[in-house]
Amino acid sequence: MHGLAETATGAIGYAFPNDLHVHWSLMIVLYPYITGIVAGAFIVSSLYHVFHVKALKPIARFSLVFALAFLACATLPLLNHLGHPERAFNMMLTPSPTSAMAGFGYIYSAYAIVLILEILFIYRPTLVVLKDQATGFMRTVYNVLSIGSDNLSSRSLHLDHKIISFLAGLGIPMACVLHGYVGFIFGGVKANPMWATPLMPVIFLLSACVSGIAGIIVAYMFIMKIKGRPVDLECIRTCIKYLWGFFILDFTFEMLELFSHAYMATHHWHALHELYWGPLYISFWVLQVGIFSVIPFFILTFMNLFRIGDGLVKFLAPVVSLMILFQVLLMRWNVVIGGQLMSKSERGSVIFQPQWLEKEGILPAIIIMVLPLVILYILSKVFPFWQEDDPYVSGSAASGE
Amino acid sequence: MMDAIQSEISRDRRAFIKKVLGGTIAGSLLLVIPAGAMDVPEQIPGMREQEGPFIKGKKFVFIVDITRCIGCGSCCVADKNEYQVPDGNYRTWVERYVIDDHDNVYVDSPNGGLDGYQKPRTDIPHPVRDTFFVPKLCNMCEKPSCVQVCPVGATYQTKDGFVLIDQKRCVACSYCVQACPYSVRFINPKTKTADKCTWCYHRVRKGLLPACVNVCPVQARKFGDVNDRNSEVYKILHQPHVVSVLKPGMGNKPSLHYVGLRREVV
Ligand code: SF4
Ligand code: SF4
């Protein structure tokens, strides 16, 4: 249990002796999963702020804060994975320009800045009102967050609006770069025939959109449920429509990638074939494709093609979203872990089972996945997610604006 | 002399070489002896006159002769002792290939060949047609993908063509491990950094052959300067031998060549 490379529990055929270690473990499964949720949630908010999909208004601001909560934890699995996390910052101080990995710090930071700025500008009027109501510590917090400005004149709000549109517009390509880039970290590894495909960034990006939308649906409906408030069904129906669209693209590309490999049948395919029908059979064919892609696909198709009742939407939307969240997690697992199961000997593969208590085991993974939710809860104490709780919105509504 | 060398290399950021010349790498007692006082004969001609941390005017290649290897594992033992390689990780290993008369290929490398191949395989259903051993180690690629991907420049290629790892910089992200097509890298659980075969750079720098080359009883491992027309490696590479490299399609351009490489070998 040295925690740097998990040791495989067995091998089929001949694996190179060093390949009996799975170097990128659960943590590296979570890393693209979390950044994907970040990118996807941002896209949801941009659909409202940039593409003016009005129905998404109730969740537009929430999506951004949701993205921030996950973004705050995106580096945790990486830091936990590194053998020398204390040197991690060197990736930004002395990056190697040829490394696909060296750009992460920059892309991550730039994206974080855009996201935080967008949130602050969107919430500025609210924060100003809250500051006036608050006392003591919270007043200081709001003072800092409202960037020291309490100008709520229509001119200044108009300027805010322009800045928000700009940031949201800028955020779309950045979210795409953030996650397309994560796909490239894998797609650029020529030594691994499962990863080395130009489609990898595309697949990562599409699955990111899918997981973000699904995550927002689940979180929104869950919070409404515990708050005992009605969900905005028009909003959910719209989300489901986008989820369907992105999922069709996502699933098609995932299958196309496999199909192209199989059709071209280079000598790599023979190794891949062994893998997909060997160690990955259950997690790929049965779980990722069979249960968590095909079933959600039919549910989504049903929900979008037929005008179904509100009760059914309320039931199916979280179910299908949870299934999709699981599909994306499985996809990350099958790519990250699956890719490493195949030895570069092209003659064998290894079997890997994560352990509960290892440094990069299941328990740390669960903790890392729960943390964003804790952060989200803390953020909810500062930023009112919903219009109903927002003193600025309700105040201006009362004054007839 | 030692001080002069040390002050020269201290200008260089590569901690590894510092360590090498400072003699802190395990097993290399010779390194604490001042260079002039070495009484072990020079094995690589012209190395001891070299000044500065890098070797000038030479191009080193490693050659493995598959037709000679007897699978005794001496090289693996020498390597493990030289570097205190932690169990379960391999800087070099020896594979056994067995081909039966149905053309099935069986490969194994129990414990990396460290214990030698003393017993034949008993699990092969058909009569054996052919069998041979293949030692593996770092290919010292001219276009190393490990160097390309390292985010902090901890894995680097020296001016004299070696691919080395700076243990003081490595963050152990394992990206290089993923990127090496030959699986020669591992994360050393003791140092928590990437590790791999160095072709015994510290020995070579002192005019000695790599430890594994030194111990091979049948000269299946050869090392030398291909710019030196009198060297054995020059002759092998320039005479009509069957010479090839591993996974040429990867585009890594290995400096490790195999004599008598068989098509079954990956
Ligand atoms: S064999 Fe692997 S570790 Fe050695 S230089 Fe080539 S890519 Fe790098
Ligand atoms: S493990 Fe070390 S040497 Fe390898 S890529 Fe990461 S930082 Fe570089």
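First to last, the sequence lines map onto chains X and A. Numbered per the UniProt record's numbering, the first sequence spans residues 1 to 401. Numbered per the UniProt record's numbering, the second sequence spans residues 1 to 266. Backbone N, C-alpha and C fix where the C-beta goes; we use that ideal spot for every residue, glycine too.
Measure from the alpha carbon of residue i to the alpha carbon of each residue in the options, then state which is nearest.
| i | options | result |
| --- | --- | --- |
| Val94 of chain A | A:Cys212, A:Val226 and A:Ser174 | A:Cys212 |
| Val335 of chain X | X:Thr7, X:Val29, X:Leu20 and X:Tyr14 | X:Val29 |
| Gln157 of chain A | A:Glu142, A:Cys170 and A:Lys168 | A:Glu142 |
| Phe204 of chain X | X:Ala8, X:Pro125 and X:Ala175 | X:Ala175 |
| Ser45 of chain X | X:Ser25, X:Leu93, X:Tyr33 and X:Ile122 | X:Ile122 |
| Tyr276 of chain X | X:Phe253, X:Pro95 and X:Met331 | X:Met331 |
| Asp232 of chain X | X:Pro198, X:Gly311 and X:Ser165 | X:Gly311 |
| Pro391 of chain X | X:Asp132, X:Pro354 and X:Leu68 | X:Asp132 |
| Phe326 of chain X | X:Pro354, X:Ser165, X:Ile295 and X:Ala112 | X:Ile295 |
| Cys197 of chain A | A:Gly57, A:Cys146, A:Asp130 and A:Gly260 | A:Cys146 |
| Lys168 of chain A | A:Asp39, A:Cys69 and A:Thr193 | A:Thr193 |
| Phe352 of chain X | X:Pro372, X:Asp389 and X:Ser283 | X:Ser283 |
| Ser109 of chain A | A:Val128, A:Asn89, A:His126 and A:Pro151 | A:Asn89 |
| Val266 of chain A | X:Ala5, X:Glu6 and X:Ala15 | X:Ala15 |
| Gln118 of chain A | A:Gly71, A:Lys159 and A:Asp101 | A:Gly71 |
Suppose the cutoff is 8 angstroms on Cβ atoms and the five residues either side in sequence are ignored; what does the same chain contact list for residue i look like?
| i | result |
| --- | --- |
| Ala317 of chain X | Ile217, Met221, Ile236, Cys239, Ile240 and Met303 |
| Pro17 of chain X | none |
| Leu145 of chain X | Leu120, Tyr123, Leu127 and Val382 |
| residue 269 of chain A | In the structure as shown, chain A starts at 1 and stops at 266, and residue 269 of chain A therefore has no counterpart that could be examined. |
| Leu363 of chain X | Trp356 and Leu357 |
For residue i, which residues in the same chain have their Cβ closer than 6 angstroms to its Cβ, ignoring the five residues on either side in sequence?
| i | result |
| --- | --- |
| Met200 of chain X | Gly183, Phe186 and Gly187 |
| Thr24 of chain A | Caution is warranted here: a pLDDT of 47 is assigned to Thr24 of chain A, below 50, making its placement in the model unreliable, and the coordinate value is therefore given only provisionally. Result list for Thr24 of chain A: empty, nothing under 6 angstroms. |
| Arg48 of chain A | Glu42 and Gly207 |
| Arg229 of chain A | none |
| Gly339 of chain X | Asn192, Met194 and Trp195 |
| Gly13 of chain X | Arg347 and Gly348 |
| Leu29 of chain A | Only weak support is given to the placement of Leu29 of chain A: the predicted model assigns it a pLDDT of 46, under 50, and the value that follows is read from those uncertain coordinates. Around Leu29 of chain A: no qualifying Cβ. |
Per DSSP, which residues does residue i bridge with? Please list them.
| i | result |
| --- | --- |
| Gln157 of chain A | A:Val163 |
| Trp333 of chain X | None, per the DSSP bridge assignment. |
| Phe133 of chain A | A:Arg96 |
| Ser156 of chain X | The partner list for Ser156 of chain X (beta bridge, DSSP) is empty, contrary to what the question assumes. |
| Lys58 of chain A | Answer by DSSP bridge pairing: none, since Lys58 of chain A is not bridged. |
| Met342 of chain X | X:Ser349 |
| His257 of chain A | A:Ile63 |
| Ser45 of chain X | DSSP lists no partner for Ser45 of chain X. |
| Thr7 of chain X | X:His21 |
| Ser244 of chain A | A:Tyr258 |
If you follow the beta strand (DSSP E) that residue i is in, where does it begin and where does it stop?
| i | result |
| --- | --- |
| Pro198 of chain X | Element bounds for Pro198 of chain X: n/a, residue is neither H nor E. |
| Ala11 of chain X | Gly10 to Tyr14 |
| Thr193 of chain A | Thr193 to Asp195 |
| Lys222 of chain A | Arg221 to Asp225 |
| Asp108 of chain A | Val105 to Asp108 |
| Phe186 of chain A | Phe186 to Asn188 |
Near residue i, which residues of its chain fall below 7 angstroms by C-beta distance, leaving aside the five closest residues on each side in sequence?
| i | result |
| --- | --- |
| Asp79 of chain A | Val85, Arg91, Thr92, Ala211 and Cys212 |
| Lys314 of chain X | Val231 |
| Met1 of chain X | Note that Met1 of chain X scores 38 on pLDDT, short of 50, meaning its location in the model is unreliable and no value can be drawn from it. |
| His179 of chain X | Thr35, Gly36, Ala39, Phe204, Leu205 and Ala208 |
| His268 of chain X | Pro193 |
| Gly251 of chain A | Lys143 |
Verify whether the separation of the beta carbon atoms of residue i and residue j is less than 9 angstroms.
| i | j | result |
| --- | --- | --- |
| Leu170 of chain X | Val210 of chain X | no |
| His261 of chain X | Pro193 of chain X | yes |
| residue 408 of chain X | Val370 of chain X | Past the edges of chain X, shown from 1 to 401, lies residue 408 of chain X, and the structure says nothing about it. |
| Met140 of chain A | Gly161 of chain A | yes |
| Ser207 of chain X | Glu257 of chain X | no |
| Ile44 of chain A | Val259 of chain A | no |
| Glu388 of chain X | Ser394 of chain X | yes |
| Phe246 of chain X | Ile213 of chain X | yes |
| Leu341 of chain X | Ala8 of chain X | yes |
| Phe89 of chain X | Gly105 of chain X | yes |
| residue 406 of chain X | Val319 of chain X | Only positions 1 to 401 of chain X appear in this structure, which leaves residue 406 of chain X out of reach. |
| Ala110 of chain X | Phe186 of chain A | no |
Identify the continuous alpha helix (DSSP H) that holds residue i and give its terminal residues.
| i | result |
| --- | --- |
| Ile366 of chain X | Ile362 to Val382 |
| Asp150 of chain X | No alpha helix (DSSP H) holds Asp150 of chain X; DSSP gives it neither H nor E. |
| Glu264 of chain A | Segment: none, Glu264 of chain A is in no alpha helix (DSSP H) and carries neither H nor E. |
| Trp356 of chain X | It is not in any alpha helix (DSSP H) - Trp356 of chain X carries neither H nor E in the DSSP assignment. |
| Arg203 of chain A | Tyr201 to Val204 |
| Ile282 of chain X | That residue, Ile282 of chain X, is in no alpha helix (DSSP H); it is neither H nor E in DSSP. |
| Val138 of chain A | Here residue 138 of chain A turns out to be Cys, not Val, going by the sequence shown. Looking at the DSSP string, Cys138 of chain A is not in any alpha helix (DSSP H), and its letter there is neither H nor E. |
| Gln148 of chain A | Ser145 to Val149 |
| Lys131 of chain X | Phe104 to Gln133 |
| Phe298 of chain X | Ile295 to Leu305 |
Less than 8 angstroms between the CB of residue i and some heavy atom of ligand 3, yes or no?
| i | result |
| --- | --- |
| Cys146 of chain A | By its list of ligands, the structure shown excludes ligand 3, since it contains just ligand 1 and ligand 2. |
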